[in-house]
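Trainee:
Residue numbers (our numbering): 15 to 366.
1. If we count Cβ pairs, one from each stretch, closer than 8 Å, do we get three or more for the segment 121-137 versus the segment 183-190?
2. Quick test of your reading: residue 353 and residue 250, contact by CB under 8 Å. State the CB separation rounded to the nearest angstrom.
3. Can you name, in chain order, every residue of its own chain whose Cβ lies under 6 Å from the Cβ of residue 366, other than the five neighbours on each side?
4. Alpha carbons only, please: which of 35, 66 and 334 is nearest the one belonging to residue 197?
5. Given residue 268, which residues of its chain have a CB within under 6 Å of its CB, disregarding the five upstream and five downstream residues?
6. The alpha helix (DSSP H) with residue 76 in it runs from where to where?
7. In terms of residue numbering, what span does the alpha helix (DSSP H) encompassing residue 309 cover?
8. To the nearest whole angstrom, what separates the beta carbons of residue 107 and residue 312, a pair I think is in contact under 8 Å?
9. Less than 8 Å between C-beta atoms, sequence neighbours within five positions excluded: which residues of the same chain meet that for residue 57?
10. What are the residues that DSSP puts in a beta bridge with residue 102?
11. Comparing alpha-carbon positions, which option in 232, 266 and 254 lies nearest residue 272?
12. What separation, rounded to the nearest whole angstrom, lies between the Cα atoms of residue 40 and residue 33?
13. Between which residues of its own chain and residue 199 is the CB-CB distance below 6 Å, once the five residues before and five after are set aside?
14. Residues in the same chain with beta-carbon distance under 7 Å from residue 191, minus the five sequence neighbours each way, listed in chain order, please.
15. Quick one: residues in its chain with C-beta nearer than 7 Å to the C-beta of residue 70, no 5 flanking neighbours on either side, listed in chain order?
16. Please state whether DSSP places residue 249 in a helix, a strand or coil.
17. With distance defined between alpha-carbon atoms, name the residue in 100, 24, 279 and 22 nearest to residue 77.
18. By alpha-carbon positions, which one of 285, 266, 287 and 270 ends up nearest to residue 279?
19. If you draw a straight line from the C-alpha of residue 193 to the C-alpha of residue 283, how long is it?
20. Using the three-state DSSP reduction, which class does residue 59 fall into: helix, strand or coil?
21. Measure the C-alpha to C-alpha separation of residue 160 and residue 316 and round it to an integer number of angstroms.
22. Can you find the residues in the same chain that come closer than 6 Å, C-beta to C-beta, to residue 73, ignoring five residues on each side of it along the sequence?
23. Compare the C-alpha of residue 222 against each of 82, 201 and 176 and name the closest.
24. Would you kindly report the start and end of the unbroken beta strand (DSSP E) that includes residue 33?
25. What are the uninterrupted segments assigned as beta strand (DSSP E) that are 3 or more residues long and contained completely in the segment 255-291, given in chain order?
26. Grab me the residues of residue 15's own chain with a C-beta within less than 8 Å of its C-beta, minus the 5 sequence neighbours each way, in chain order.
27. Cα-Cα, which of 31, 53 and 25 is closest to residue 178?
28. Thinking just about the alpha-carbon of each residue, which of 98, 144, 60 and 195 is nearest to the one in residue 275?
29. Buried or exposed for residue 134, going by 16 or more other Cβ atoms inside 10 Å?
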């Protein structure tokens, strides 16, 4: 049935996917988690009719047309493969898969099945991110030549910082590059086109008992159109969060400051972001400052899919990342990791 969805994952899936899907017009028919009893309790808590221990059981019982996957990356290929083989449309969290090879197989399977297959890079629906894209696409900064994207967070500064276990386990697709850098790589390629060359470092500033995955990285990159830039993140830096986003062109610079996009040209500075306060978190007990922003952006992604399946007219932009876009991001991620390991500049596979 059009308009019914299954959410796989009882963490981010419960916290963000469920309220976003509902806000977009979907009925959430089932929740899937590893522990059947716990999943049933959590489903009941948020008013989802049923909880299941496997996606196969949920598909058989509900007949839902859409599956959203919010589980660790090492499970994505199997779960998405099951949904696609059953003819269901999919939104899968990023990173899309453990490897480029897995992601290539996922793209081929989705194309062969004729289903809509999307990646959960929901911040394409953040008003500032879209305003940057629109300004660059409209030629308002001229030819883009230099990009600077830097992030500094205290989230993982403590050795015992709480986070999903897979974040610290490279074998499960962990590390800050894959957990958060995939968002930023997706945005850069959305704005500037394919990244074709990287020179990078990847490291772990704070040793952890839970594993050896990275908590920061630095990348110098070049795009197919000749723009160059730096992408740097550290999630283990004490102090207030710092975010820098700037793309400079021959006619101006577009930047994001305090969540708002600004265009600076010889004529002055202009605020590009429409006023649209995000909704309150669906769970009043959730005090995480980013939850409202996540739900607002994910609602945009889910609404696009709902309109697509309802055959309603959908705006050209923002548009969602497809499995092919997720594959393109993973090509960059693997090139970054190879560059760091071999200490040399790497050409991104499949692009140049």
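Where a beta carbon is used, it is the ideal one built from N, C-alpha and C, also for glycine.
Mentor: According to the data block:
1. no
2. Between residue 250 and residue 353 the Cβ distance is about 21 Å, and since that is not below 8 Å, they are no contact.
3. Low confidence applies to residue 366: its pLDDT is 42, below 50, so where it sits in the model is not reliable, and the reading given next is rough at best. Cβ neighbours of residue 366 beyond the five flanking positions: 210.
4. 334
5. 146, 149, 155, 261 and 277
6. 69-76
7. 305-323
8. Residue 107 to residue 312, Cβ: 11 Å. No contact.
9. 44, 45, 63, 64 and 65
10. Its beta-bridge partners do not exist; DSSP assigns none.
11. 254
12. 10 Å
13. 343 and 346
14. 216, 228, 231, 347 and 350
15. 96
16. coil
17. 100
18. 266
19. 33 Å
20. helix
21. 32 Å
22. 100
23. 176
24. No beta strand (DSSP E) contains residue 33, which is instead part of the alpha helix (DSSP H) from 32-38.
25. 256-263, 267-271, 274-279 and 282-285
26. Per-residue confidence for residue 15 stands at a pLDDT of 46, beneath the threshold of 50, marking its modelled position as unreliable; the derived number appears in the next sentence. Result list for residue 15: 77, 78 and 79, in chain order.
27. 25
28. 144
29. buried
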